[in-house]
Structure formats: structure tokens, C-alpha cells
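Asks:
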Amino acid sequence: MARLQDDRATVVEKFHATSGRVTGFLTVGVAAVVVVAGLTYLDEGFPDWVIGAALLVGVLAWAAMLRPALWATGDHLVMRNLAETVHIRLAAVEEMAVRQVLAVRAADRRWISTVVGRPWRKAVRTRPTTKSGEATPLNGMPYADFVENRLHDLVDSARATAGVRPGSPEQLALPDAVRRERAWVPLALIAVASVALLVTLLV
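Just add 865 to the spot in the sequence shown (first one is 1) and you have the numbering used here.
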């Protein structure tokens, strides 16, 4: 039984970000340079509030742009966001679409992941379709389309295994549809950086 549970928790697909990573790395890099330079030249009159501001900007850029991740296990779609990690049971997904962000409806709530999305001009309301087995990013399909198709395949398979239809009472009654884990590390870092900036402004 434990082995079966371990297998269902194994990552079966990890999706890379479609935007924001380059900007995030650049912002964190610039913030780090400012902090190091500020500490180095602090005795020579470098404004300490600039160090505090750069630290906060760097932490926010990491938490909002670099920390978010998206993957699927045998049973769950996992969204790691700035403030929490959300585990959504695949069979409990009622609706799902990739537009400017990935939007998933489950447990009568809407859950968002910024990891995958389309430019606003290309965000469409219809789901791209491919034949089973052809949803790969290697055949010229835009990556956001591949992600949407792959997630729909995983959700459809999970629903079939659970014997539920989207929006049915049986689906809504599935136990543990959504599990949330608070992300204490980024929240603590943001709080510490915010306090540091406030202290430098007040002193």
C-alpha cells in the first residue's frame, strides 16, 4: 500500500515556465549587486535605505517570478506559488484552461498558476486539440498548447479511473480535492526584508 502511494506521488510531468524567468533572474541579480555594493560602501555614505529596498525587490522577484512551479503526479496537479503550494486532485478538476495564466476550477474555487500562459493577444477561449499521443512540444506545437493538452489528458484519465464526470455530484463529493501548504520561507523572507527597509527609512 505504501509503495502504491509512493508511485502515485511520483512526478509524471514537470512543466517549465513560459515567461518571467529571465526578468526574474535579472532583477535578483541587479538587487544582489546593489546590496553587495551598498554594504561595501556603507561607511562612505551609501544610502542604507537603498540596500533595504534592493533586498526587498530581490526577495519579491525570487518569490513571484522564480519560485513558482507546476507539475503533475499520478494523482495531483501541484501549483507552487508565491505564498503557498496547492495540490489539486486531478479527478476533482472541473474546468481548466491556459490563457494569460493557467486557471483551474476545483472544489468550487478557481486556482491560478502564473507558470504557464499565453500572451494576451494569443489567449484564446478554445482548447487546442490533438490526437492522443501527439501532444508533445517537439512537433511544432506552442508550449502553452502542449501543456493544456497534456493536463487535459491527465485529468481525463484521472476522472475515468475515479469514475466521475466533470461537474457531477460524484466529482464534487471526492475527498481531499484540494490541499494547501503555506509557503513559510518566502513569506518570512518578505517580512524580514520589509522590516529591514522600514528600519532604514526610520533611522
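Built from N, CA and C at the ideal position, the CB exists for glycine as well. All values derive from a computational prediction rather than experimental measurement.
Using C-beta distances below 6 Å, list every residue in its chain close to ASP973, excluding the 5 sequence neighbours before and after it, in chain order.
Replies: Around ASP973: no qualifying Cβ.
Asks: Can you tell me whether DSSP reads MET930 as helix, strand or coil?
Replies: DSSP places MET930 in helix when its eight states are reduced to three.
Asks: For a quick check, are the C-beta atoms of ARG1045 and HIS941 less than 9 Å apart?
Replies: Not a contact, by the Cβ cut-off of 9 Å.
Asks: Please confirm if the segment 914-922 is in contact with the segment 1003-1022, defined as three or more CB-CB distances below 8 Å between the two stretches.
Replies: No, the segment 914-922 is not in contact with the segment 1003-1022.
Asks: Can you give the Cα-Cα distance for VAL1029 and LEU1037, rounded to whole angstroms?
Replies: Distance between the alpha carbons of VAL1029 and LEU1037 is about 9 Å.
Asks: Could you pull the DSSP bridge partners for VAL943 from this structure?
Replies: BP columns for VAL943 point to TRP936, HIS952.
Asks: Please determine, among LEU907, MET1006, VAL1012, LEU1063, the residue with the shortest C-alpha to C-alpha distance to VAL969.
Replies: Cα-wise, what sits closest to VAL969 is VAL1012.
Asks: Is there contact between the segment 908-919 and the segment 928-936, where contact requires at least three CB pairs shorter than 8 Å?
Replies: Touching, no, given that fewer than three Cβ pairs across the two stretches are closer than 8 Å.
Asks: Among PRO1040, SER978, ALA874, whose alpha-carbon lies nearest the alpha-carbon of LEU935?
Replies: Of the listed residues, the one whose Cα sits closest to LEU935 is SER978.
Asks: Who are ALA897's beta bridge partners in DSSP?
Replies: According to DSSP, which records beta bridges pairwise, ALA897 is partnered with nothing at all.
Asks: Report all residues from its chain with a CB closer than 6 Å to the CB of GLY885; omit the five preceding and five following residues, and keep chain order.
Replies: Counting only Cβ-Cβ distances below 6 Å, and skipping sequence neighbours, we find MET930.
Asks: Give the DSSP bridge partners of PHE880, in chain order.
Replies: For PHE880, which the question treats as bridged, DSSP gives the partners LEU935.
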